[in-house]
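What follows is one structure encoded as structure tokens, with my remarks underneath.
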Amino acid sequence: MSPREKARSLRGLAAGLLALLAAAPGWAGEPFSFAGGWLRLGGEASGTLSGPDRAYFNYTDYERSNLRLFRLSLDAEVKAGPHFAFVGEIRTDNLDSPRPYALYLRLHPWTDRSFDVQAGRIPPVFGSYARRRYAADNPLPGMPLAYQYLTTLRPDALPSSADELFSRQGSGWLVRYPIGDQTPAPGMPLVNAERWDVGVEVRVGSEPLELTAALTQGTLSHPRVKDDNHGKQVSARLGWRPVIGLALGASGARGEYVAREARDALPPADRRPLRQHAAGLDAEYAAGYWILRAEAVWSGWDVPPLAGTANDRLDALGLMLEARYKVAPGFYLAGRADHLGFSHLETASRSSPWDAPVTRLEIGAGYSILRNLLLKLAFQHNARESGRIRGRDFLAGQVVLWF
């Protein structure tokens, strides 16, 4: 399908979905339930449009901008008695081939206790934003930097010197290194919100305390279906709701992120496990017409010895503050401030961050035409301290409908 044909198909499909839901407001907005609730079907369609992102500020590892994206999602839950449920979701972006996003078994051994086990392609336990599963859960079209912005680190290719990292600052959308796979490819975010990992997850408790922990194939930056390094990640989050309207959380994770092929390309003395270490804090406060959210995500990646520096770990810190204010029924204003910073590499000639620090400001509004049809309009400002293009502004619109 040519780009012109694909664009025409996207417009036609979006128009058809809007017409269908506008004609049936009585049933739209809630998942379909069959067989007395044993089978539930739901879905979401979202279309986001903005100008071209030639600076790749909103690029994801699926090699597309999330401000120029049409996404269809279909999810299903099948209950097999009071203790078992099968949950799955498939997605297609810009009419590409459908891909599984979620597919897991949920076991609830005791109906009177807050305890369950999930196995398969499971929901993330780390942080807060990654668990906002749908576009309708996000008040703005854009995403926080920590969960989307591509750094210059890759799981399958490694730098050999500090100068290589310096020369690639701000180019995480397409990176090439000499160790491992030398094909240019996108880098990794701190936390990948576009992919779920495969593993086992346990949840204990509800309010006021809830603990979730998971053992997975990949890491926060690099979720995996198949193991590629014989390593596993352990992650956990403790949530606390001390009073009505306030939710606090603390998260941690640790796991091997470098693929076996890249590690084997290192000298024998340097072939140690290379891990991603992460910690996070999140908070949400809702009162009256306001919802305030804040989140901090730190990540450190072990790296092999780099020529010119003694550093053996690269750190990054993402900070996010978000506010939403309900102006009138169905209408809200929202804003988000983001910063992503990187640790310094010390060499004989310079001291510089290993990647270009980035700042993002996004403000916008949302209006619900129907209970299941939401329109968003936002202005997004991006700035980074180095790189080929150091700043870019976007005006983005988004339509979200769900059932």
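For the sequence shown, the residue numbers in my numbering are 104 to 506.
Heads up, the beta-carbon is just placed ideally off N, CA and C, and yes, glycines get one too.
In the DSSP assignment, R366 falls within the alpha helix (DSSP H) that extends over R363 to D367. Assignment of L409 by DSSP, reduced to helix, strand and coil, places it in the coil class. About 5 angstroms separates the Cβ atoms of D164 and P289, confirming a contact at the 8 angstroms cut-off.
Apart from sequence neighbours up to five positions away, the residues of its chain that approach N161 with a beta-carbon distance below 6 angstroms are S168, N169 and L170, ordered along the chain. By the neighbour-count criterion, in which a residue is buried when 16 or more other Cβ atoms sit within 10 angstroms of its Cβ, V294 is buried.
Around Y232, the same chain offers P247, Y250, A296 and E398 as residues with beta carbons nearer than 7 angstroms, after the five sequence neighbours per side are excluded.
By the 16-neighbour rule on beta-carbons within 10 angstroms, P185 is exposed. Membership of E304 in the beta strand (DSSP E) is indicated by the continuous run V301 to V307. Each of V400, A386 and W401 was checked against the Cα of I394, and the nearest Cα belongs to A386. Closest by C-alpha distance to T319, out of D240, L144, E313 and D300, is D300. Bounds of the alpha helix (DSSP H) holding S270 are A265 to S270. Closest in C-alpha terms to P371, from the list K335, I347, P408 and Y388, comes P408. In this structure, the CA atom of F135 is about 11 angstroms from the CA atom of L177. Per the DSSP secondary-structure output, Q221 pairs in a beta bridge with R209 and E304. An exposed status is given to V307, since fewer than 16 other beta-carbon atoms sit within 10 Å of its beta-carbon. Put simply, of D415, A382, R194 and F218 the residue whose alpha carbon is nearest the alpha carbon of E147 is R194. L248 sits in a helix when the DSSP states are folded into three classes.
Here the alpha carbons of Y428 and G391 stand approximately 9 angstroms from one another. Under DSSP, R357 shares a beta bridge with V337 and H380. Taking L243 as reference, the option from I466, S471 and R474 with the minimal CA-CA separation is I466. Annotated three-state conformation of A372 is helix, per DSSP.
Secondary structure of G433 (DSSP, three-state): coil. Here A179 carries a strand assignment [DSSP, helix/strand/coil]. Secondary structure of D458 (DSSP, three-state): coil. In this model, A356 and H380 are separated by some 6 angstroms (Cα to Cα). C-alpha of R378 to C-alpha of D415: approximately 11 angstroms in a straight line.
V346 counts as exposed, since fewer than 16 other beta carbons sit within 10 angstroms of its beta carbon. Under DSSP, S471 forms a beta bridge with L477.
By the Cβ criterion, the region 469–485 is not in contact with the region 444–460, since fewer than three pairs of Cβ atoms, one from each stretch, lie closer than 8 angstroms. The Cβ atoms of W404 and Y360 sit closer than 8 angstroms to each other. Excluding residues up to 5 positions away in sequence, A260, L261, P262, S263, A365, A368, L369 and P407 lie with their Cβ nearer than 8 angstroms to the Cβ of I282 in the same chain. Taking all protein chains in view, the Cβ of W213 is surrounded by fewer than 16 other Cβ atoms within 10 Å, so the residue is classified as exposed. When secondary structure is reduced to three states using DSSP, D418 falls in the strand class. Judged by their CB atoms, A316 and A339 are nearer to each other than the 8 angstroms cut-off.
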